[in-house]
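A short write-up of the structure that comes next.
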Amino acid sequence: MLKGEIAAKIELVPLISFNKGHVPIFCEIHDNLMAVLRAHQIPVASSCQGDGVCGRCRIQILAGAEKLSPPNETEKFLKERHKLQPNERISCQTEVLGDILIDTAYW
Ligand code: FES
Numbered sequence: 006m007l008k009g010e011i012a013a014k015i016e017l018v019p020l021i022s023f024n025k026g027h028v029p030i031f032c033e034i035h036d037n038l039m040a041v042l043r044a045h046q047i048p049v050a051s052s053c054q055g056d057g058v059c060g061r062c063r064i065q066i067l068a069g070a071e072k073l074s075p076p077n078e079t080e081k082f083l084k085e086r087h088k089l090q091p092n093e094r095i096s097c098q099t100e101v102l103g104d105i106l107i108d109t110a111y112w
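Adding 5 to a residue's 1-based position in the sequence shown gives its number in my numbering.
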């Protein structure tokens with residue numbers, strides 16, 4: 006396998022790193038951020054179980070914000086309603102497209 010092919014393959018396997026509390030995990034491109042975290046037993050606050058209603062699943066994006074899907078209309082509404090910081094995303098409405106570094110207040 007050529008060096009460029011290896012680099013391209015690595016890009017297909019996003020790495021989610023944590024500021025504290027958890028070891029890094031790999032996922033698939035377009036994986037839902039909240040779903041992939043929960044699949045690895047990493048807690049994500051929620052009272053609507055990912056239906057895009059509660060706004061509690063907010064995650065701080067410390068690096069790689071450009072490697073996430075753009076906010077959809079549901080997320081735009083929730084970010085405004087719950088006054089999220091610019092670097093916070095509604096994880097149940099967000100797809101992972103590349104490497105990111107994330108955090109929450111409760112990890
Ligand atoms: S889990 Fe409720 S809005 Fe994301």
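Every residue gets a Cβ at the ideal spot worked out from N, C-alpha and C, and that includes glycine. Bear in mind that the values here come from a model prediction, so they are computed numbers and not experimental data.
Contact set for residue i: own chain, Cβ-Cβ below 6 Å, skip 5 residues either direction
{"i": "Leu-42", "result": "Val-49"}
{"i": "Ala-40", "result": "none"}
{"i": "His-45", "result": "Ile-30"}
Opening and closing residue of the beta strand (DSSP E) in which residue i lies
{"i": "Ala-68", "result": "63–68"}
{"i": "Glu-93", "result": "93–95"}
{"i": "Leu-20", "result": "20–23"}
{"i": "Asp-108", "result": "105–108"}
Integer Cβ distance of residue i from residue j, believed to fall under 8 Å
{"i": "Ile-105", "j": "Leu-73", "result": "7 Å"}
{"i": "Asn-92", "j": "Ala-70", "result": "7 Å"}
{"i": "Leu-17", "j": "Ile-34", "result": "6 Å"}
N- and C-terminal bounds of the alpha helix (DSSP H) containing residue i
{"i": "Leu-42", "result": "38–44"}
{"i": "Leu-83", "result": "78–86"}
Under 8 Å between C-beta atoms of residue i and residue j
{"i": "Thr-109", "j": "Gln-65", "result": "yes"}
{"i": "Gly-57", "j": "His-87", "result": "no"}
Own chain partners of residue i with C-beta closer than 8 Å, once the 5 adjacent residues on each side are dropped
{"i": "Leu-102", "result": "Pro-19, Ile-34, His-35, Lys-72, Leu-73, Ser-74"}
{"i": "Ser-51", "result": "Met-39, Cys-59, Arg-61, Cys-62, Cys-97"}
Which residues neighbour the ligand FES when neighbourhood means a C-beta less than 7 Å away from any of its non-hydrogen atoms? List them by chain order. Met-39, Ser-51, Ser-52, Cys-53, Gln-54, Gly-55, Asp-56, Gly-57, Val-58, Cys-59, Gly-60, Arg-61, Cys-62, Leu-83, Ile-95, Ser-96, Cys-97, Gln-98
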